[in-house]
Every structure is written in C-alpha cells, then in structure tokens.
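S.K.: This is the structure I have questions about; it appears just below.
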Amino acid sequence: MGVGVCQDKSHILIGFLRSLGIPARYISGVLVDTPGATHAWAEAYWPNVGWIPLDPTHNRVFDLKHYYVKYGHGRDYNDVAPITGYFESDSPNSIVRLNVIPKIIQK
0 MGVGVCQDKS HILIGFLRSL GIPARYISGV LVDTPGATHA WAEAYWPNVG
50 WIPLDPTHNR VFDLKHYYVK YGHGRDYNDV APITGYFESD SPNSIVRLNV
100 IPKIIQK
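Right under this line is the structure:
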C-alpha cells in the first residue's frame, strides 16, 4: 500500500474490521503535534474492553490520548467531516480561511 491519506487508510481499516464482524467507527480530529492539520483514525470495539483507537497512518494503537484530539466519531467521513457548511460571495477576491490550533488543558 503506502498510498493515500489518513481518511483513505482509516476507511480501509474500518472495512477490513467490519468484514471480520468487528464493530468499527471513523474518528475525525487533529494531532496535537501538528497544529492546524486535521487527521482521521479508527476505533474498533472489543467486548469487555471498549473502543480501541487505531491509527493506520502512523501505526499507533491504544494510547492515543497524548497525541490526538478527537472531534467526533461516526460510520464514515460523511458523519464527522471536520468542516461543513456553505459560503457564497459575489466578490472574486473572497478568501475563506479557518485555522484550528489544538491545546491540551489540564483538568
């Protein structure tokens, strides 16, 4: 493989897990060490354990809380697209920009 973005790799992993009868869901969020860049990974459900995070892009499993900020989960990208909405302008010079900078706050 080696080709594709995080969304592609997560969808392939989710499809594989579901084909084995393992419940899986798509996660949308960001990496803490890459501010402003969205990321996607998957979670698989194991009985008596719960939802286990899996990142096929970075080959990480389980303890992702120190590296990841989860925005939402769903069946696929369409359920939790990081940015949705509508913009209309008559100006040919319109520029729309959104910056997301994750920050960990201790509770």
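Quick note, the sequence shown lines up with residues 0 to 106 if you use numbering that gives the first Met the number 0. Backbone N, C-alpha and C fix where the C-beta goes; we use that ideal spot for every residue, glycine too.
Determine which residues share a DSSP beta bridge with residue 27 and list them.
M.R.: Note: residue 27 sits in a beta bridge opposite 39 and 71.
S.K.: What three-state label does DSSP hand residue 14 in the structure shown?
M.R.: Correct three-state label for residue 14: helix.
S.K.: Between which two residues does the beta strand (DSSP E) holding residue 20 run?
M.R.: Taken as a continuous stretch (DSSP letters only), residue 20 belongs to no beta strand (DSSP E), as it is neither H nor E.
S.K.: Distance, Cα to Cα, residue 52 vs residue 44?
M.R.: So the two alpha carbons sit approximately 9 Å from each other.
S.K.: Are at least three pairs of beta-carbons, each pair with one atom in the region 15–26 and one in the region 66–76, less than 8 Å apart?
M.R.: Yes, the region 15–26 touches the region 66–76.
S.K.: Taking residue 40 as the reference, give the member of 19, 91, 66 and 18 with the closest Cα.
M.R.: The shortest C-alpha separation from residue 40 is found at 66.
S.K.: For the beta strand (DSSP E) that contains residue 52, what are its first and last residues?
M.R.: Residue 52 -> beta strand (DSSP E) spans 49–54.
S.K.: Tell me the rounded alpha-carbon separation between residue 77 and residue 16.
M.R.: Between residue 77 and residue 16, the C-alpha separation is close to 19 Å.
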